[in-house]
Amino acid sequence: MKLVRTSAPGKCILFGEHAVVYNHPAIAMAISLKSTCEIQECTKDKLQIILRNYNQSFEFSNLNDLVLNFPSQYNQIRFCLENLQKNFNLNLENIKITIASSLFPNSGLGSSASIAVALVSAMNEYYKLNLEREKISDIAFEMEKIVHGAPSGIDNTICTFGNMIYYETGKFRNLIIPHELKFLVSYTNTEHNTKEAIDKIKHLKNKNPKQTELLLNKIGEITREAEKELLNGNLSRIGKLMNRNQNLLTTLEVSNKAISEITTLALKKGAFGSKLTGAGLGGCVITLGKESVLNNLSSLLKTKGFKSFIINIDREGVNIEQ
Ligand code: MEV
Numbered sequence: 000m001k002l003v004r005t006s007a008p009g010k011c012i013l014f015g016e017h018a019v020v021y022n023h024p025a026i027a028m029a030i031s032l033k034s035t036c037e038i039q040e041c042t043k044d045k046l047q048i049i050l051r052n053y054n055q056s057f058e059f060s061n062l063n064d065l066v067l068n069f070p071s072q073y074n075q076i077r078f079c080l081e082n083l084q085k086n087f088n089l090n091l092e093n094i095k096i097t098i099a100s101s102l103f104p105n106s107g108l109g110s111s112a113s114i115a116v117a118l119v120s121a122m123n124e125y126y127k128l129n130l131e132r133e134k135i136s137d138i139a140f141e142m143e144k145i146v147h148g149a150p151s152g153i154d155n156t157i158c159t160f161g162n163m164i165y166y167e168t169g170k171f172r173n174l175i176i177p178h179e180l181k182f183l184v185s186y187t188n189t190e191h192n193t194k195e196a197i198d199k200i201k202h203l204k205n206k207n208p209k210q211t212e213l214l215l216n217k218i219g220e221i222t223r224e225a226e227k228e229l230l231n232g233n234l235s236r237i238g239k240l241m242n243r244n245q246n247l248l249t250t251l252e253v254s255n256k257a258i259s260e261i262t263t264l265a266l267k268k269g270a271f272g273s274k275l276t277g278a279g280l281g282g283c284v285i286t287l288g289k290e291s292v293l294n295n296l297s298s299l300l301k302t303k304g305f306k307s308f309i310i311n312i313d314r315e316g317v318n319i320e321q
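Numbering-wise (numbering that gives the first Met the number 0), the sequence shown opens with residue 0 and increments by one.
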């Protein structure tokens, strides 16, 4: 029986979220938490989809059946299958697709992009479509548009290529950080909503264009400075820039009470810097500090009901697992 299994990392945006939607730069890092997709040949003439995180299992007689009956919340997956079927004339009637993710959904860790990349890559491998990584990222980007409206492309890029990237107006370059950076990622216990947060800033921009553009420009400047400091390994300086970025995101109204509680506690306990990551309005906070500080902070956050974990950079990107 034919079987392929792929994995794709999640991501953290270190600097520049939201501003990146308006053509300012952003810096993102692939993280060691991943999504996986398995495609298995099955004997039944059925298209089966198993979504482990949602405890859901679906069985369709063919793609048309899926198009008509797959719940609309999974439109991303439907789009991917329809798109590949149309372009490559695939027979999708005897496969089982199993998708799982260790990333919190809707938390700013790129779970939807990570799943999209893992799925496209698994289809590519199973059907031998010979898609290059760029093409996998492009299809995942189209899938992201269905969920997020007008994403910048940063999530699908980092989940495909891994490492740390400096991203600006659709172009990106790898940042090779010559030292190990440890971050604590803390979950605020509320999902974020990328579309809502993006719409919020769009609304602010329509209402108050000059002031909003000024704030977004300042985030752009911070990101440019952060690139240098990341390469220098100046942790205290990187932390200060994170705090300034967080203040600007607060002014742009995409922070909230839980984010502020975590960032305030992090700085009080000796972290270098702490900020929301991703869209905000919930989701996750990312904190840079010495490992001992991060461990103490993590224990303290646990007593307050916030889950957190120390993350490493993922240097591989999307990967075919043996
Ligand atoms: C979402 O993870 C980050 C945003 O900047 C949107 C995007 O870049 O697509 C808010």
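Beta carbons: idealized from backbone N, C-alpha and C, even for Gly.
By the DSSP assignment, the alpha helix (DSSP H) with residue i in it spans what residues?
i	result
V66	L62 to N68
S136	R132 to H147
T189	From DSSP, T189 is part of no alpha helix (DSSP H); its letter is neither H nor E.
R314	R314 -> no alpha helix (DSSP H), and no H or E assigned at all.
L234	L234 to T250
I340	Residue numbering for the chain in the displayed model covers 0 to 321; residue 340 lies beyond these limits and cannot be assessed.
F160	I153 to F160
V253	Careful: V253 lies outside any alpha helix (DSSP H) and carries neither H nor E.
Output the boundary residues of the beta strand (DSSP E) element that contains residue i.
i	result
R4	L2 to F14
Q47	L46 to L50
F59	Q55 to F59
I30	A25 to E40
A270	Segment: none, A270 is in no beta strand (DSSP E) and carries neither H nor E.
In the structure shown, what three-state DSSP assignment does residue i receive?
i	result
Y126	coil
S307	strand
C342	Here the chain has residues from 0 to 321 only, and residue 342 is not among them.
K201	helix
L108	coil
S101	coil
L300	helix
K43	coil
T286	strand
E167	strand
I94	strand
Y173	It is worth fixing the name first, because residue 173 is Asn in this sequence and not Tyr. Strand.
L280	coil
G180	For the record, residue 180 in the displayed sequence is Leu; it is not Gly. Coil, per DSSP.
Q321	coil
N74	helix
N88	coil
N295	helix
Count the other CB atoms within 10 Å of the CB of residue i; is the residue buried (16 or more) or exposed (fewer)?
i	result
Q210	exposed
M142	buried
Y53	exposed
D198	exposed
S151	buried
G272	buried
G277	buried
G304	exposed
S34	buried
H202	exposed
L102	buried
D313	buried
I175	exposed
T168	exposed
Which whole-angstrom value is the C-beta distance of residue i and residue j, which I expect to be below 8 Å?
i	j	result
G9	G109	5 Å
C283	S185	6 Å
I364	I94	There is simply no residue 364 to check, as the chain begins at 0 and stops at 321 in what is shown.
I218	H23	6 Å
S31	I310	6 Å
R51	V66	That belief does not hold up - the Cβ atoms of R51 and V66 are roughly 23 Å apart, past 8 Å.
L293	K181	6 Å
L13	A29	That belief does not hold up - the Cβ atoms of L13 and A29 are roughly 11 Å apart, past 8 Å.
K268	N295	6 Å
S307	S297	5 Å
Q42	N318	One detail in the question is off: residue 42 reads as Thr in this sequence, not Gln. Not confirmed; about 28 Å, so no contact.
A270	L248	That belief does not hold up - the Cβ atoms of A270 and L248 are roughly 17 Å apart, past 8 Å.
Is the separation between the beta-carbon of residue i and that of residue j shorter than 7 Å?
i	j	result
G15	G161	no
T250	L214	yes
G281	T193	no
C79	L118	yes
S60	I49	no
H178	G107	no
G279	A196	yes
I153	Q75	no
N244	I221	yes
K1	E40	yes
F87	L128	yes
N105	H17	no
V3	A121	yes
A25	V116	no
C36	I98	yes
Comparing the CB of residue i with every heavy atom of the ligand SAM, is any distance shorter than 6 Å?
i	result
A278	No copy of the ligand SAM occurs in the structure displayed; its ligands are the ligand MEV alone.
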